[in-house]
Amino acid sequence: MTAIAVTIAGSDSGGGAGIQADLKTFSALGVYGASVITAVTAQNTRGVSAVEDIAPTVVAAQIDAVFSDLAIGAVKIGMVSRRETIGVIAAGLKRYHRQAVIDPVMVATSGDHLMRPDAIATLKEELLPLALILTPNLPEAALLTGRGIAETETEIARQAEMLLKLGVRSVLMKGGHGKGKEATDVLFGEGGVLSLSRPRIETSNDHGTGCTLSAAIAAGLALEKSIADSVVTAKAYLHAALVAADDLAVGRGHGPVHHFHHWWGSDESRSIAPSNVVEAKKGPGRLSRSG
0 MTAIAVTIAG SDSGGGAGIQ ADLKTFSALG VYGASVITAV TAQNTRGVSA
50 VEDIAPTVVA AQIDAVFSDL AIGAVKIGMV SRRETIGVIA AGLKRYHRQA
100 VIDPVMVATS GDHLMRPDAI ATLKEELLPL ALILTPNLPE AALLTGRGIA
150 ETETEIARQA EMLLKLGVRS VLMKGGHGKG KEATDVLFGE GGVLSLSRPR
200 IETSNDHGTG CTLSAAIAAG LALEKSIADS VVTAKAYLHA ALVAADDLAV
250 GRGHGPVHHF HHWWGSDESR SIAPSNVVEA KKGPGRLSRS G
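What follows is the structure in structure tokens.
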């Protein structure tokens, strides 16, 4: 049976993030991609100039159209900027008895804010309890927990535990905004703690990294991999896409990662296999959701 994933997110006219990045990622990883568009943005590699939200009734209609016909194996949720949109998405997930990979897209790589302040509370109350895995970067985790940006392993773990208490099943705390020579993502959840590290890639072509990683996780889930295995494979895929990002010449600002590096990238990126891209360390014990 064909593996199918759906992305519920905003459209990026520049093609590097949002719906476009998600569909490219699904395709690159052997998964058929469907979509529910929540907003249309006018953006390119230099920034976002306009955002038009899709009417909640149309978002709901897209959800019903997709889920009533396609055998959806995984759901990824990205940009949702309005309380009303969050509400219809949460209702749709409940209607079809689904949990989702949720990438809390609040601020674009360019620094543009993509979520209205009054929508954050609704996101936490209605959507996060339906998260199979939440994938915040450090600034997003800080906004969701009301704390400062985590700078230590202890604070990263504290914020992850706070998010787990909201009903999230697993949390991937992304370290792309951290410091140091390595970018470390840490997965917290029912299976304990899994740390994933790779050397930080020096490139300005990093548009769509968060969208790409969460979409790759959803692709893994659609292929019936575990959460941990999906995260490991996704980290490998994104790393290779960043290694090959400078092979592309797209725009005059922050260009996109190279979603199809395996097919039209450099020889170096083709040689990177998922088995040797990620160094993973499992931590002892489990994080408690209560107390």
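Under numbering that gives the first Met the number 0, think of the first position of the sequence shown as 0, with each following residue one higher. By construction, the Cβ of each residue, glycine as well, lies at the ideal position given by its N, Cα and C atoms. Please read all numbers here as calculations on a predicted model, not as lab measurements.
Proximity below 9 Å, CB of residue 184 to CB of residue 123: The answer is no: Cβ separation not under 9 Å.
Quick check on the DSSP output: the alpha helix (DSSP H) that includes residue 95 runs from which residue to which? Looking at the DSSP string, residue 95 is not in any alpha helix (DSSP H), and its letter there is neither H nor E.
Give me the Cβ distance between residue 169 and residue 131, rounded to the nearest whole Å; I'm assuming they're in contact under 8 Å. 7 Å
How is residue 180 classed by DSSP in three states: helix, strand or coil? Assignment of residue 180 by DSSP, reduced to helix, strand and coil, places it in the coil class.
Local conformation of residue 255 per DSSP, three classes: strand
Which residues does DSSP pair with residue 51 in a beta bridge? 39
Grab me the residues of residue 33's own chain with a C-beta within less than 8 Å of its C-beta, minus the 5 sequence neighbours each way, in chain order. 3, 4, 5, 6, 65, 69 and 71
Element boundaries [beta strand (DSSP E), containing residue 222]: Looking at the DSSP string, residue 222 is not in any beta strand (DSSP E), and its letter there is neither H nor E.
Suppose the cutoff is 6 Å on Cβ atoms and the five residues either side in sequence are ignored; what does the same chain contact list for residue 161 look like? 144
Mind the definition here: the region 51-60 touches the region 80-98 only if three or more C-beta pairs lie below 8 Å; say whether that holds. yes
DSSP state of residue 130, grouped into three classes? strand
Cβ-based neighbour list, residue 73, same chain, cut-off 6 Å, excluding 5 preceding and 5 following: The residues are 4, 217, 220 and 221.
Could you check where the beta strand (DSSP E) with residue 4 kicks off and where it finishes? Taken as a continuous stretch (DSSP letters only), the beta strand (DSSP E) holding residue 4 covers 3-11.
Check each candidate in 15, 257, 208 and 251 and name the one with the smallest Cα separation from residue 244. 257
Mapping DSSP to helix, strand and coil, what is residue 250? If DSSP states are grouped into helix, strand and coil, residue 250 belongs with coil.
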